[in-house]
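> Encoded as structure tokens, here's the structure I'll be asking about.
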Amino acid sequence: MFKIVVGYNTKEEEFEIAKRVTSTQSISLNKVLDKETLSLIKEEIAKVHIDEELEKYIVDIVCATREPKEYGLEEIADYIQFGASPRATIDMFKAVKAMAYIRGNDYVSPIDIALVVKAILRHRIILSYEAEAMQKTTDELIQKIMEKIDIP
């Protein structure tokens, strides 16, 4: 298993990145990994097991963004103009496997889902005018969904 390090840039690094990207100077890149290694990592991620119950849980989470009332989420129904599409489900399946892999596991757990759900759904939910007027955020609505749907 390969170790993947996820890091965040400092303010100074972000400034330097922005300057480099917008300038005409050529930049030299340091190779992080080669194509073969990347292919091996992708193969290992594909082998990460996800239980059918967790797959159904992911589907429920995504469907709840489209039909909140069917999941007992009447309180947020008026705040969602458009929910996440089925592509969100596909991306969630991929992301939770990758997260499990990064965490050193060969299986997906509910923790992996919790770690990626907001990042996957945040930009896929279109809020209604009511939500904006009430200063509701997509993260708040996703949190309500996560609290309502039982973890298998």
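Residues 1 to 152 in UniProt numbering are what the sequence shown lists, from first letter to last. No residue lacks a Cβ here, since even glycine has one placed at the ideal position from N, Cα and C.
Could you have a look at Leu115 and say whether DSSP puts it in helix, strand or coil?
The sequence position of residue 115 within the sequence shown is 115, counting from 1. Reduced to three states, the DSSP call for Leu115 is helix.
> Could you give the residue range of the beta strand (DSSP E) that holds Pro81?
Start at 1 with the first residue of the sequence shown, and residue 81 comes out as number 81. One detail in the question is off: residue 81 reads as Gln in this sequence, not Pro. Taken as a continuous stretch (DSSP letters only), the beta strand (DSSP E) holding Gln81 covers Ile80 to Phe82.
> On a CA-only basis, which of Arg122, Ile126 and Met92 is nearest Pro110? Give me that one, please.
By 1-based counting over the sequence shown, the position of residue 110 is 110. Looking at the Cα atoms, Met92 is the closest of the given residues.
> Between the alpha carbons of Ala133 and Pro86, how many angstroms are there, rounded?
Translated into the one-based positions of the sequence shown, residue 133 becomes position 133. Translated into the one-based positions of the sequence shown, residue 86 becomes position 86. The alpha-carbon atoms of Ala133 and Pro86 are separated by roughly 28 angstroms.
> For a quick check, are the C-beta atoms of Leu73 and Lys148 less than 9 angstroms apart?
Taking the sequence shown and counting its residues from 1, one reaches residue 73 at position 73. Taking the sequence shown and counting its residues from 1, one reaches residue 148 at position 148. For Leu73 and Lys148, yes; Cβs fall inside 9 angstroms.
> Since Lys123 sits in a beta bridge, which residues does DSSP pair it with?
Residue mapping note: residue 123 aligns to position 123 of the sequence shown, counting from 1. Rather than Lys, the amino acid found at residue 123 in this sequence is His. DSSP output for His123 lists no bridge partner at all.
> Which residue's Cα is closest to the Cα of Asp106: Lys97, Ile113 and Ala114?
Numbered from its first residue, the sequence shown carries residue 106 at position 106. Here the closest residue by C-alpha is Lys97.
> Assuming Asp60 is part of the alpha helix (DSSP H), what are its boundary residues?
Locating residue 60 in the sequence shown gives position 60, where the first residue counts as 1. Glu52 to Arg66 is the span of the alpha helix (DSSP H), which, as asked, contains Asp60.
> Can you tell me which of Thr138, Glu14, Asp150 and Phe15 puts its alpha carbon nearest to the alpha carbon of Asp78?
For the purposes of this step, residue 78 is taken as residue 78 along the sequence shown, with counting starting at 1. Comparing Cα-Cα distances from Asp78 to each of Thr138, Glu14, Asp150 and Phe15, the minimum goes to Thr138.
> Could you pull the DSSP bridge partners for Tyr107 from this structure?
On the sequence shown, residue 107 is found 107 positions in, with the first residue counted as 1. Tyr107 pairs with His49.
> Tell me whether the beta-carbon of Thr22 lies closer than 9 angstroms to the beta-carbon of Val62.
As a working note, residue 22 is residue 22 in the sequence shown. As a working note, residue 62 is residue 62 in the sequence shown. Against a cut-off of 9 angstroms, the Cβ pair of Val62 and Thr22 comes out as no contact.
> Select from Leu141, Glu53, Glu52 and Glu44 the residue whose C-alpha is nearest the C-alpha of Leu127.
As a working mapping, residue 127 is identified with position 127 in the sequence shown. The shortest C-alpha separation from Leu127 is found at Leu141.
> At the level of alpha carbons, what is the spacing between Glu75 and Ile102?
Taking the sequence shown and counting its residues from 1, one reaches residue 75 at position 75. Taking the sequence shown and counting its residues from 1, one reaches residue 102 at position 102. Approximately 35 angstroms between the Cα atoms of the pair.
> Please return the same chain residues whose Cβ sits closer than 8 angstroms to the Cβ of Ile145, not counting the five positions on each side in sequence.
Along the sequence shown, read from residue 1 onward, the residue named residue 145 stands at position 145. Closer than 8 angstroms at Cβ, skipping near neighbours: Ile61, Ala64, Thr65, Pro68, Tyr71, Leu73 and Ile76.
> Report the rounded CA-to-CA distance for Gly104 versus Ala119, giving the unit in angstroms.
Locating residue 104 in the sequence shown gives position 104, where the first residue counts as 1. Locating residue 119 in the sequence shown gives position 119, where the first residue counts as 1. Distance between the alpha carbons of Gly104 and Ala119 is about 20 angstroms.
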